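Per my numbering, residue 11 is the first one in the sequence shown, and the count goes up by one each step. From the three backbone atoms N, C-alpha and C, an ideal C-beta is built for every residue, glycine too. Treat the numbers as computed from the prediction; the structure is a model and nothing was measured. Heads up: the structure comes next, in structure tokens.
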Amino acid sequence: MPELPEVETIRRELDAAIVGRRITAVTIVDAKLILGKGAQAFGAALRGARVADTDRRGKLLILATDRGTLVLHLMMTGRISLRHSPAVRPHTRLVLEFDQGPSLHFVDTRRFGRAWMTDQAGLAALTRRMGPEPLDSAFTAARLAAGLRGRAVAIKPALLDQRAVAGVGNIYADEALWLARIHPATPAGSLGRHKVEALARAIVTVLRDGVAHGGTSFRTYENSRGEQGAHQRWLKVFRRTGEPCFRCGRPIERTIVGQRSTHSCPRCQRVYVRP
11 MPELPEVETI RRELDAAIVG RRITAVTIVD AKLILGKGAQ AFGAALRGAR VADTDRRGKL
71 LILATDRGTL VLHLMMTGRI SLRHSPAVRP HTRLVLEFDQ GPSLHFVDTR RFGRAWMTDQ
131 AGLAALTRRM GPEPLDSAFT AARLAAGLRG RAVAIKPALL DQRAVAGVGN IYADEALWLA
191 RIHPATPAGS LGRHKVEALA RAIVTVLRDG VAHGGTSFRT YENSRGEQGA HQRWLKVFRR
251 TGEPCFRCGR PIERTIVGQR STHSCPRCQR VYVRP
């Protein structure tokens, strides 16, 4: 699933390519993609709309127009492709054509992705349920601690549910926990101040690095130009099962935490319970 760095990479590319452009045609190939009032209303709202801005909240890609806000959730295998032809290719679910420049294609092999129109009130209601943006200056260890306080669930699933912090998924949770020397099964509410501070720093570091490298590509992720990200070359634990830890040399282990495949070092990351 594309996480914050992958979605942010796409957002920056769209910002340069489609802001200021007017949508001239909307082709909905798969109506299952569309949430809300249905495909007909969705198309009517977007036809003729001018893209005013791009934004991102967690893993959500947001396109503000003069006729409302388009929200795109890539989910497991969704991707955004900018193409110089509006022709529908295999696995294309939605095509937006503009008055100039490339067309935007929402491509999704497993069909879990979603798109919907909303207004400012609807967007605010949606984002209120999410934790703070980790790349914003307002993100602090204190805010992270508030989102983890009193929670008995393991820290790995606590990071994934988007309430403590927005945009972190399986890859970057494993990487941040390794960097902070925290075992993924550690109860979230048991982390002391110093551990939470280390985790907050680690989250920011791994996400910034992911953005700098254009995201992580394993199977389906590509940027809007069809290029793979490069961050997989810098991963410390994710999908490195059996390979030596970069800190201590012990083989990286793969376990299941919160029903998710999880990678960690058995020596550097031990389950910590605050006395």
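Boundaries of the alpha helix (DSSP H) around LEU24: 14-28.
Considered as a whole, the segment 137-165 harbours 151-158 as its complete alpha helix (DSSP H) runs of no fewer than 4 residues, in chain order.
Under the three-state reduction of DSSP, SER227 is assigned to coil, being neither helix nor strand.
Across the set LEU43, LEU24, ALA97 and VAL247, the C-alpha of VAL247 shows the shortest separation from the C-alpha of TYR182.
Taking 7 angstroms as the cut-off, the Cβ atoms of GLY177 and THR19 do not count as close. Rounded to whole angstroms, ARG260 and GLN279 show a C-alpha spacing of 11 angstroms. In the three-state reduction of the DSSP assignment, ARG99 falls in the coil class, being assigned neither a helical nor a strand state. Across the structure, PHE228 and ALA240 are spaced so that their CA atoms are roughly 10 angstroms apart. Comparing C-alpha distances from MET85 to each of PRO96, LEU70 and THR75 shows the shortest one belongs to LEU70. Residues of the same chain with a CB within less than 7 angstroms of the CB of PRO276, apart from the 5 flanking positions on each side, are ARG260 and GLU263 in chain order. A straight line joining the alpha-carbon of VAL17 with that of PHE108 spans about 21 angstroms.
Between the alpha carbons of GLY179 and PRO96 lies a gap of roughly 32 angstroms. The Cβ atoms of ARG103 and ASP118 lie closer than 7 angstroms to each other. For VAL221, the enclosing alpha helix (DSSP H) begins and ends at 203-222. Closest in alpha carbon position to LEU209, among GLN238, ALA152, VAL163 and PHE122, is ALA152. Taking a contact as a CB-CB distance under 8 angstroms, the pair ARG66 and ARG21 counts as one, their CB atoms being some 5 angstroms apart. Pairing GLY68 with GLN172 gives a Cβ-Cβ distance under 7 angstroms.
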